[in-house]
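One structure is given here, and the rest of the page talks about it.
There are 2 protein chains.
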Amino acid sequence: MFNDFKLTDNRPVYIQLKDYFKKMIMKGHLLEDQKLPSTRELSKLLSVSRNTVLTAYADLEQEGLIYAIKGKGNFVGKVDVSKTPSIKLDWKEKVNTATLLADELDLMKHGVRWEKGMISFNSIAPDEKLFDMENFKRAFLTRMSIEGDIVLNYGYAKGYKPLINYLLHYMEMKGIDISNKDILITNGFTEGLDILLSSLTKKSGRIICENPTHHTALKLFRLHGLEVHGIDMKDDGIDIDQVEKSLSQADFDFAYLIPSYHNPTGIVTSSEKRTKIMKLFSKYQIPIIEDGFNEELRYSGSHLAPLLTFAGSGNNVIYISSFSKILFPGLRVGWILADKELIHWLESMKRARTIHTSTLDQAVLFQYLHDGYFEKYLKKAKAVYKKKYELSLQACNQYIPLKRITGDGGLHLFIELEKEINTRTLLKKCYEKGVVFSPGDVFYTDGRGGNTFRLGFSRLNEEDIIQGIRIIGDTLNEELEK
Amino acid sequence: MFNDFKLTDNRPVYIQLKDYFKKMIMKGHLLEDQKLPSTRELSKLLSVSRNTVLTAYADLEQEGLIYAIKGKGNFVGKVDVSKTPSIKLDWKEKVNTATLLADELDLMKHGVRWEKGMISFNSIAPDEKLFDMENFKRAFLTRMSIEGDIVLNYGYAKGYKPLINYLLHYMEMKGIDISNKDILITNGFTEGLDILLSSLTKKSGRIICENPTHHTALKLFRLHGLEVHGIDMKDDGIDIDQVEKSLSQADFDFAYLIPSYHNPTGIVTSSEKRTKIMKLFSKYQIPIIEDGFNEELRYSGSHLAPLLTFAGSGNNVIYISSFSKILFPGLRVGWILADKELIHWLESMKRARTIHTSTLDQAVLFQYLHDGYFEKYLKKAKAVYKKKYELSLQACNQYIPLKRITGDGGLHLFIELEKEINTRTLLKKCYEKGVVFSPGDVFYTDGRGGNTFRLGFSRLNEEDIIQGIRIIGDTLNEELEK
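Residue numbers (the numbering used here), protein chains in the order written: chain A, 1 to 482; chain B, 1001 to 1482.
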């Protein structure tokens, strides 16, 4: 007996020994009141130190699995392992329709899978080769030494105060009037939007947004049962005449807009259009959720302020963003900047749903920002991404027989082909040649976009970018020749 | 001009200089096409290095706020700061009833506030003085050096694979049949429960649970519009006869149970009752959400397996837990252990709502667990908490004229006073004497519990525990004498 004990990994030996006994007891291989070998015997038998056995036995006793009798030794305790009759529920039948819809709209499950060695234009996540690990570690150690006990304990639902203050200042530098504003820190952009939808969905159940739009947002709109009213994109942003027409005809709970590096088209809404948008939505008293997505990734052109800047002291714009797409997506930190009163209401929603966002994530991010590493990193990253952007743009124009290409910066381009082309069919052919991209229809509110696709270039090297785009172009040309 | 520039904090100087110019431009103090001082002039004027000015100017140019003309210098760019007419929405009117309810049920907003210097029995969070900072730092640095790029980039909705595997093993050691199970990592227990409610609330809209029960769970039940059916607690757990009667009379979407260190009563459900519970709910095919809350904090007594262990290969128990209450609440990591099929459905809900839980939090927690620091920490913490527990129990019995006291371990005790005593009135008096606790009514599903309260002792030192309990007792005696 006990000679089947084996060290299986590099965890402490006493823990592995404890686990071994636990298993034996749980499975009924050791019976109640059965005497265990003495620590001396076992240590010899298993060639482990006696201390290891002592610690393991002490832990087992602590957990009530064994008991000791002075002078007599250790014995197996009473462990109820009686199993009740096993029943099988049909979970597909037990979960509700929202859950089935979430599964249906889950691109990670149903989208085209990227495989090793493939050239994938699917991602618009940052290139991990750029990660600034050393300064990140430094920021961690600095913050831990300043207030490690606060970093590791419960925080506030609104967020980690130093980070909130930093972000308020950061946003003020974009010309935003922060005097009547406050910030709620969320688990990335996605939780922020989900909380907003949970709070703002009210009377009409109808929202207005750009068409196409960010597919994660679109998924959430659908999961919240919203009627999504999409408005076409012009080269300088949303079609404002269509917006006016829609607002005059129906009621909307709110608008959702991505003025910079619009996802998926990459279009940057012009300054003139921003003013028009603000005037129009103010007139109809409709709140705007402004998605600040990748606003930092402007490679050229004049300065552009967020819609929230144009709102001045008005309180109808809710700005929501995160640094995830630029900095460290593994840290789930986003924020909502909005009117103080609204943040007051949202705070309770946040607390009810996730208590608060990881203090560790917030604290390290704060230190990293505060110490100026973000500025340095952004400069480096922008230089790399700009090059990839220009390369991608040039290659697309050179190799792909396209009808329209948009994207003024950021980490992706959006391509429209001739009407008769179906990009899902194209994707299938490209997949066979080891190239994948995001078919555009998933971004559309109304099933259109079958002739469009999105190209994310951030995580590819220059060689793969050119080769991938060339393959897409060649495949498309073959199709067109048929 | 420019002599009002001041260094305000310890951020890098060039960033503060950049911010200064940004503000001047945004506020219109510097006008379009206005020439800026040369780098040499400015460096002299502000007594900063010329490099600092060069970097600040370069950044401003990058952001489109200034432009350079070769041989002529730097000029203010075109910045549209036109404000649109300011409008004021009434957010209280714009948010929906769920949001107003979340605010109403928000104990942090409406509960009795703890003030510095007070003896607060409100918290059942861990004592931060016990935090094992050095090993936490070690775990961070180890994990970062192993796979820092993975830690900082996007992860999977289901969770960080090494942590999932660790937890599966950890739960298997509790006698759980993991062969048909899987794990979903969540942002703490709270998100886990919220996702479960979002997915399982279906036909009846009715749930069954212990009465009293965990107030955060109760809040979420109400926010999900569920009809909550509470069952009285006996000293060995839920009143099983009442459960049987309820199940035979109405349909329920699921049960929510806290078998160990039940919150708030601290009662541990006996092994015999666990078997009965399992048989009963299996008979009626009702899923059980088992809250594994603080299961690790058993100070004495024989071993007790989770309900999920009793379920054997059955799939009707959903186990949900976190180490937050023991380890580091600042890290928001919890998990759902359940049937593979159910986890498959929940995964899409998780992805839709928060993409995934912080990889950083998960990775550091994994390393900390893997290296055996958790076991060591738990031993230390248990010794401290056990002492506080025994002290609190003794002091309560000595000083408080109570009717019933429950709590077999964990970090809190629950006290029932004579029917005519209102613990909210008692709290007001105690508050004046610098002592606060949690009035018990917030834990009840049906407005009862006016004569009960919860005492959390984890974060208090021994002296304060005794003094605090004595003050409560004295105050109560004064009231009774009246």
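Positions of the beta carbon are idealized from the N, C-alpha and C atoms, including for glycine.
Since the structure is predicted, the reported quantities are computational estimates derived from the model, not experimental observations.
- Taking C-beta atoms as the reference points, residue 1139 of chain B and residue 1367 of chain B count as a pair closer than 8 Å.
- Listed along the chain, the chain B residues whose CB falls inside 9 Å of the CB of residue 298 of chain A are 1062, 1063 and 1064.
- For a Cβ distance threshold of 8 Å, residue set 1096 of chain B lies close to residue 201 of chain A, ordered along the chain.
- Between residue 183 of chain A and residue 306 of chain A, the beta carbon gap of about 14 Å keeps them out of contact (Cβ cut-off 8 Å).
- Residue 1186 of chain B sits close to residue 1195 of chain B, with the two beta carbons spaced by under 8 Å.
- Close partners of residue 1182 of chain B in chain A (Cβ separation under 9 Å) are lacking, with about 12 Å as the shortest Cβ gap.
- Around the beta-carbon of residue 8 of chain A, fewer than 16 other beta-carbon atoms lie within 10 Å, marking it exposed.
- CA-to-CA, the gap between residue 1383 of chain B and residue 103 of chain A works out to about 46 Å.
- Around residue 1059 of chain B, the beta-carbon contacts reaching into chain A at under 8 Å are 375 and 379.
- The alpha-carbon of residue 1375 of chain B is positioned some 45 Å away from that of residue 295 of chain A.
- Taking 4 residues as the shortest admissible run, the segment 93-146 of chain A contains the following complete alpha helix (DSSP H) segments, listed from N- to C-terminal end: 97-104 and 107-110.
- In summary, the residues of the segment 305-324 of chain A whose CB is separated from some CB of chain B by less than 8 Å are 305, 309, 310, 311, 312, 313, 314, 315 and 316, in the order they occur in the chain.
- For the segment 321-407 of chain A, the continuous beta strand (DSSP E) assignments of 3+ residues that do not extend past its boundaries occur at 334-339 and 404-406, in sequence order.
- For residue 291 of chain A, the enclosing beta strand (DSSP E) starts and ends at 288-291.
- In this structure, the straight-line span from the alpha carbon of residue 1450 of chain B to that of residue 1443 of chain B is close to 10 Å.
- The residue among B:1447, B:1364, B:1467 and B:1205 with its C-alpha nearest the C-alpha of residue 1399 of chain B is B:1467.
- In the three-state DSSP reduction, residue 1206 of chain B falls in the strand class (E or B).
- In this chain, the alpha helix (DSSP H) harbouring residue 274 of chain A covers 271-283.
- For residue 1067 of chain B, the three-state secondary structure derived from DSSP is strand.
- Counting every other CB atom within 10 Å of its CB across the protein chains shown gives residue 16 of chain A a total of 16 or more, marking it as buried.
- Between residue 1337 of chain B and residue 1181 of chain B, the gap from beta carbon to beta carbon is short of 8 Å.
- Rounded to whole angstroms, the separation of the alpha carbons of residue 208 of chain A and residue 121 of chain A is 29 Å.
- For residue 1084 of chain B, there is no enclosing beta strand (DSSP E), as DSSP gives it neither H nor E.
- Residues of chain A whose Cβ lies closer than 8 Å to the Cβ of residue 1085 of chain B are, in chain order, 279, 282 and 314.
- Counted as a single uninterrupted DSSP element, the stretch harbouring residue 1014 of chain B is not any beta strand (DSSP E) but the alpha helix (DSSP H) occupying residues 1013-1026.
- With 16 or more neighbouring CB atoms inside 10 Å of its own CB, residue 1157 of chain B falls in the buried class.
- Within chain A, no residue has its CB atom less than 8 Å from the CB of residue 1204 of chain B, the nearest being about 12 Å off.
- Taking all protein chains in view, the Cβ of residue 1069 of chain B is surrounded by fewer than 16 other Cβ atoms within 10 Å, so the residue is classified as exposed.
- Contacts between residue 1102 of chain B and chain A, judged by CB atoms closer than 7 Å, involve 348, 349 and 352 in chain order.
- Distance from the CA of residue 1464 of chain B to the CA of residue 1053 of chain B, rounded to the nearest whole angstrom, comes to 56 Å.
- For residue 425 of chain A, the enclosing alpha helix (DSSP H) starts and ends at 423-432.
- Interface residue (Cβ-Cβ distance to chain B less than 8 Å): residue 178 of chain A is not classified as such.
- Rounded to the nearest angstrom, the gap between the Cα atoms of residue 25 of chain A and residue 1165 of chain B is 22 Å.
- With a cut-off of 8 Å on Cβ pairs, the segment 1028-1048 of chain B is in contact with the segment 1058-1074 of chain B, counting three or more such pairs.
- For residue 1462 of chain B, no CB of chain A lies under 8 Å from its own CB, so it is not counted at the interface with that chain.
- Linking residue 352 of chain A to residue 1255 of chain B through their CA atoms gives a straight-line distance of about 20 Å.
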